[in-house]
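Residue numbers (this note's numbering), protein chains in the order written: chain A, 574 to 720; chain B, 574 to 720. Below: the structure, in structure tokens.
Number of protein chains: 2
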Amino acid sequence: MSANSRLTIAAHALAWIGLYQRQGHEVATSEQIAASANTNPVVIRRLLGELRRAGLVESRRGAGAGWSLARELGSITLLDVYEAVEPGPLFAMHRTVPDQGCVVGHGIQPAMRGIYQDIEETLRHELARVTLEKVLRDVLAAPHQPL
Amino acid sequence: MSANSRLTIAAHALAWIGLYQRQGHEVATSEQIAASANTNPVVIRRLLGELRRAGLVESRRGAGAGWSLARELGSITLLDVYEAVEPGPLFAMHRTVPDQGCVVGHGIQPAMRGIYQDIEETLRHELARVTLEKVLRDVLAAPHQPL
DNA sequence: TCTGTCGTAACGATTATCGTTACGACAGCC
DNA sequence: GGCTGTCGTAACGATAATCGTTACGACAGA
């Protein structure tokens, strides 16, 4: 599967904005978040743009511009973030149509589709159990200065 | 995430071999399976090679060669297949180390690692509930000649 | 008007997967 | 012993997704 860090970076950005706002700041810039995540501000802007489309964050333009949460961290779940930044299904079908003259080739796609639907439903249920509030709590619970 | 059809094709191949053997044949060739899945025999051999390493199938060489199941379909689960053909974890961390001088950058990876572990454990549990026997049953239950 | 940031296009680098060709290795059969 | 069919695997190109980067216009407050 492949290494998808989009959900990780998006959660990082949301936790960063949330903490920054709790420290009294109005908005966070993509440059600040990018420095924390050690990546490029454009990468952050692209991801936050998708989160904005999903109604999780807002952005201001002009001078003193930046990003702010559109919802409380406690009301945002990893499922919200996942659906905002992950495009396709977890598992894919064949890239070409299997041989419909073969019994297995004919029945495999309906069979796997049903099975995958159940599994992805469970995955979504698990993602929905984790709020960004908990993510930030876990982040702050990490031990300082590890030896 | 991206579209990983490896699990789908591997399940297709196992179901095909299982059904073929129930029809009285000893071994199945990669060419036959490739025809059913509408792909190249080398793709099938590569995938079945990984399943062989996991102890799910066996292969014979020489004349009259081919592939056979090393276990009953009822004792093979999608988790066995998943672990055999999917290399990495479901979600990835940052590709570069986050800023360790930032509270969020420092704590985000331990936090997400713990959360991801729980979620992948649930995914594995779901995959383990589906046997290849059930997959084949669902395949054969697909309606014929759909209109 | 100046400044800082967003919004977004464009491009190259990297990586994973897949399809394909090729060819040696192997084992049964004549 | 040679013939034949299949595996085992390397090699290469095509495709697609993601990421990092540069660039630049749009916007809004000072």
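Even glycine gets a Cβ: it sits at the ideal position worked out from N, Cα and C. Bear in mind that the values here come from a model prediction, so they are computed numbers and not experimental data.
Considering only C-alpha positions, which residue in the set A/Gly678, A/Ile649 and A/Trp589 is nearest to B/Gly678?
What you label residue 678 of chain B is simply residue 105 of the second sequence in a count that begins at 1. If we check each option's Cα against that of B/Gly678, A/Trp589 comes out closest.
If the cut is a Cβ gap below 9 Å, which residues of chain B does A/Asp672 touch?
For the purposes of this step, residue 672 of chain A is taken as the residue at position 99 of the first sequence. Those within 9 Å of A/Asp672 in chain B are Ala608, Ser609, Ala610 and Asn611.
What are the residues of the segment 582 to 607 of chain B that lie near chain A, defined by any Cβ-Cβ distance shorter than 8 Å?
Ile582, Ala584, His585, Ala588, Trp589 and Leu592
Would B/Ser578 pass as an interface residue toward chain A - the criterion being a Cβ-Cβ separation below 8 Å?
By 1-based counting over the second sequence, the position of residue 578 of chain B is 5. Judged by the 8 Å Cβ criterion, B/Ser578 is in contact with chain A.
Who are B/Asn577's beta bridge partners in DSSP?
In the second sequence, the residue the question calls residue 577 of chain B occupies position 4. Paired residues: A/Phe664.
Which chain A residues are close to B/Ala627, counting only those with a beta carbon under 7 Å from its beta carbon?
Counted from its first residue, the second sequence places residue 627 of chain B at position 54. Those do not exist, as B/Ala627 stays about 17 Å from chain A at its closest Cβ, beyond 7 Å.
Span of the alpha helix (DSSP H) around B/Val676
As a first step, residue 676 of chain B is located in the second sequence; it is residue number 103 there, counting from the start. The continuous alpha helix (DSSP H) containing B/Val676 extends over residues Val676 to Ala701.
Beta-carbon contacts of B/Arg697 that lie in its chain and below 6 Å, excluding the five residues immediately before and after:
Working through the second sequence from its first residue, we reach residue 697 of chain B at position 124. Within its own chain, the residues whose Cβ lies closer than 6 Å to the Cβ of B/Arg697, once the five positions on either side in sequence are excluded, are Leu652, listed in chain order.
Answer with yes or no whether the minimum CB distance from B/Thr650 to chain A is below 8 Å.
Here residue 650 of chain B is taken as the residue at index 77 of the second sequence, counted from 1. It does not; no Cβ of chain A falls within 8 Å.
How far does the beta strand (DSSP E) with B/Gly639 in it reach, from first residue to last?
Position 66 of the second sequence, counted from the start, is the residue given in the question as residue 639 of chain B. From DSSP, the beta strand (DSSP E) with B/Gly639 extends over Gly639 to Leu642.
C-alpha distance - A/Met574 paired with B/Glu694, whole-angstrom precision:
One-based indexing of the first sequence puts residue 574 of chain A at position 1. One-based indexing of the second sequence puts residue 694 of chain B at position 121. Bear in mind that the predicted position of A/Met574 carries a pLDDT of just 39, short of 50, making it unreliable; the figure below should be weighed with that in mind. Between A/Met574 and B/Glu694, the C-alpha separation is close to 16 Å.
I want to see whether chain B comes within less than 8 Å of A/Thr669, judged by CB atoms only; does it?
For the purposes of this step, residue 669 of chain A is taken as residue 96 along the first sequence, with counting starting at 1. It does; some Cβ of chain B falls within 8 Å.
If I measure Cβ to Cβ from B/Thr704 and keep anything under 6 Å in the same chain, skipping five residues before and after, which residues do I get?
Residue mapping note: residue 704 of chain B aligns to position 131 of the second sequence, counting from 1. These residues qualify, in order along the chain: Gly647 and Thr650.
Helix, strand or coil at B/Ala601 [DSSP, three-state]:
The residue you call residue 601 of chain B lines up with position 28 of the second sequence. In the structure shown, B/Ala601 sits in a strand (DSSP, three-state: E or B).
Using a Cβ-Cβ cut-off of 8 Å, state whether A/Gly639 counts as contacting chain B.
Locating residue 639 of chain A in the first sequence gives position 66, where the first residue counts as 1. With 8 Å as the cut-off, A/Gly639 does not count as an interface residue toward chain B.
With distances taken from CA atoms, which of A/Pro683, A/Phe664 and A/Pro660 is nearest A/Pro671?
Your numbering for residue 671 of chain A matches position 98 in the first sequence. The shortest Cα separation from A/Pro671 among A/Pro683, A/Phe664 and A/Pro660 belongs to A/Pro683.
Taking 8 Å as the threshold (beta carbon to beta carbon), is B/Ile617 in contact with chain A?
Within the second sequence, the letter at position 44 stands for residue 617 of chain B. By this cut-off, B/Ile617 is not an interface position.
Using a Cβ cut-off of 8 Å (strictly closer), state whether B/Met574 contacts chain A.
Stepping through the second sequence from its first residue, residue 574 of chain B is reached at position 1. In this prediction, B/Met574 scores a pLDDT of 38, lower than 50, which makes its location untrustworthy; the coordinate-derived value is nonetheless stated afterwards. Taking Cβ atoms only, chain A reaches closer than 8 Å to B/Met574, which makes this a yes.
Would you verify that the beta carbon of B/Leu696 is, or is not, closer than 8 Å to some beta carbon of chain A?
To locate residue 696 of chain B, count along the second sequence from 1; it is residue 123. Yes, its Cβ sits closer than 8 Å to a Cβ of chain A.
Nearest-angstrom Cβ-Cβ length linking A/Gly711 and B/Gly687, presumed shorter than 8 Å
One-based indexing of the first sequence puts residue 711 of chain A at position 138. One-based indexing of the second sequence puts residue 687 of chain B at position 114. One detail in the question is off: residue 711 of chain A reads as Asp in this sequence, not Gly. Right, their Cβ atoms sit about 6 Å apart.
Check the Cβ of A/Pro683 against every Cβ in chain B and list those closer than 7 Å, keeping chain order.
Taking the first residue of the first sequence as 1, we reach residue 683 of chain A at position 110. The answer, in chain order, is Ala715.
Could you check whether the Cβ of A/Asp711 sits closer than 8 Å to any Cβ belonging to chain B?
Counting from one through the first sequence, the residue named residue 711 of chain A turns up at place 138. Chain B, which has a Cβ nearer than 8 Å to the Cβ of A/Asp711, makes this yes.
For a contact defined as C-beta to C-beta under 7 Å, what are the partners of A/Ala665 on chain B?
For the purposes of this step, residue 665 of chain A is taken as residue 92 along the first sequence, with counting starting at 1. Those are Ala576, Asn577, Ser578 and Thr581, listed as they occur along chain B.
If we define contact as Cβ-Cβ less than 8 Å, is A/Leu642 a contact residue for chain B?
The residue given as residue 642 of chain A occupies position 69 in the first sequence. Answer no: the Cβ-Cβ gap between A/Leu642 and chain B never drops below 8 Å.
Looking at the structure shown, is B/Arg633 part of a helix, part of a strand, or coil, going by DSSP?
Position 60 of the second sequence, counted from the first residue, corresponds to residue 633 of chain B. Here B/Arg633 sits in strand by DSSP.
Is the CB of A/Val654 under 8 Å away from at least one CB in chain B?
Residue numbering aside, residue 654 of chain A sits at position 81 when the first sequence is read from its first letter. No, A/Val654 does not count as interfacial toward chain B.
Please identify the residue among A/Gln690, A/Gly628 and A/Val708 whose C-alpha is closest to the C-alpha of A/Gly661.
Within the first sequence, residue 661 of chain A is the residue found at index 88, counting from 1. For A/Gly661, the nearest C-alpha among the options comes from A/Gln690.
Close-in-space but distant-in-sequence residues of the same chain around B/Glu706 (CB under 7 Å, 5 per side omitted):
Here residue 706 of chain B refers to the residue found at position 133 when the second sequence is read from its first residue. Closer than 7 Å at the Cβ level, and outside the excluded window around B/Glu706, lie Leu646 and Gly647.
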